[in-house]
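Colleague:
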Amino acid sequence: MVDAAPDEVTERYRPTNGLAIGILTLVAAVGTLVLGIVDDFPAPVVAGAFLVGVLAWAALLKPRVKVADRRLVLVNMLETVSIPLAAVEEVVVRQVLAVRVGEKRYVSPAIGHTLRATLASTRPPKRDPRRGDVLATPQAPSYPDVVENRIDQLVTEDRKRLGVGRGSPEVAALGAEVRRTPAWVEIGLLAVGVVALVATIVV
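With the UniProt record's numbering as the guide, the letters of the sequence shown map in order to residues 1 to 203.
1. Answer yes if the region 28 to 48 comes into contact with the region 171 to 183, meaning at least three C-beta pairs across the two stretches below 8 angstroms, and no otherwise.
2. With burial defined as no fewer than 16 other Cβ atoms inside 10 Å of the residue's Cβ, what is the status of residue 25: buried or exposed?
3. Quick test of the definition: if touching needs 3 or more C-beta pairs under 8 angstroms, does the region 153 to 173 touch the region 21 to 35?
4. If you measure between the beta carbons of residue 102 and residue 89, is that distance less than 8 angstroms?
5. Helix or strand or just coil, what does DSSP make of residue 93?
6. Name the residue from 99, 94, 79 whose alpha carbon lies nearest to the alpha carbon of residue 85.
7. For residue 71, is the classification buried or exposed, using 16 other Cβ atoms within 10 angstroms of its Cβ as the cut-off for buried?
8. Indicate, with yes or no, if the ligand FMN has a heavy atom lying under 7 angstroms from the CB of residue 64.
9. Since residue 180 sits in a beta bridge, which residues does DSSP pair it with?
10. To which residues does DSSP link residue 222 through a beta bridge?
11. Whole angstroms is fine: what's the gap from residue 187's alpha carbon to residue 105's?
12. What whole-angstrom Cβ distance do residue 58 and residue 190 have, given they're in contact under 8 angstroms?
13. From residue 44 to residue 56, what distance separates their C-alpha atoms?
14. The alpha helix (DSSP H) that contains residue 54, what's its start and end?
15. Tell me whether residue 58 sits in a helix, a strand or coil according to DSSP, three-state version.
16. Rounded to whole angstroms, what is the Cα-Cα separation between residue 76 and residue 97?
17. Just to confirm, is the Cβ distance from residue 11 to residue 93 under 8 angstroms?
18. For residue 181, tell me which candidate among 46, 73, 18 has the shortest Cα-Cα distance.
19. Going by Cα to Cα distance, which pick from 34, 54, 13, 47 is closest to residue 22?
20. Assuming residue 16 and residue 111 make a contact with CB atoms under 8 angstroms, what is their CB distance in whole Å?
21. By Cβ distance, which residues of its chain are closer than 8 angstroms to residue 5, with the 5 residues on each side in sequence left out?
See the structure below:
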């Protein structure tokens, strides 16, 4: 997390989901693609390797979450969503990060708890069998929890700066300023990969 200026925060949060498998898949796909071209593999294998490589990058390695210019930015597989901080009404991290703005919900797979941690958080607390008291098991907050709390803090600070309250008309108006930008490069590469794979199989 990096501060850009005293009155404006720029922070980037490291992804917690898919990084290792994404790297392995991308390396395997690139290796297959190179060998396929050099050793003259069947065309469907080469086209499939290209498509898998693009998918590994777009779905597993590209997604990011950051805060810049007082906006929460979710860089996803096929689009980038830019949300005014003050418009955010709820931030929750389970297996993915989910942000609620009015009646709309935006998600990012970049930040999330493991399935095991998610299931553990839904279990009832353990109790002392003799007294019935809840057994305290203090734990340091996980990184996804830190990100959730930090974003929530930045939302609160930005609302104070603007002088707006939760559920106010001003917050609803800010919700209309959400920007969604398609990832045309990834969309184009995926389209090329699908067309090439289908063409090589049919031909």
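Note that the Cβ used here is the ideal one computed from N, Cα and C, for glycine as well.
Modeller: Concretely, from the data shown:
1. no
2. buried
3. no
4. yes
5. strand
6. 99
7. buried
8. As presented, the structure is devoid of all ligands, the ligand FMN included, so that no description of it is given.
9. 81
10. The chain is shown from 1 up to 203; residue 222 falls before or after that span and cannot be answered.
11. 22 angstroms
12. 7 angstroms
13. 18 angstroms
14. 43 to 55
15. helix
16. 11 angstroms
17. no
18. 73
19. 54
20. 6 angstroms
21. Any reading at residue 5 needs caution, since the residue's pLDDT is 48, under 50, leaving its predicted position unreliable; the model's value is listed next. Within the same chain, residue 5 has no close Cβ partners at all.
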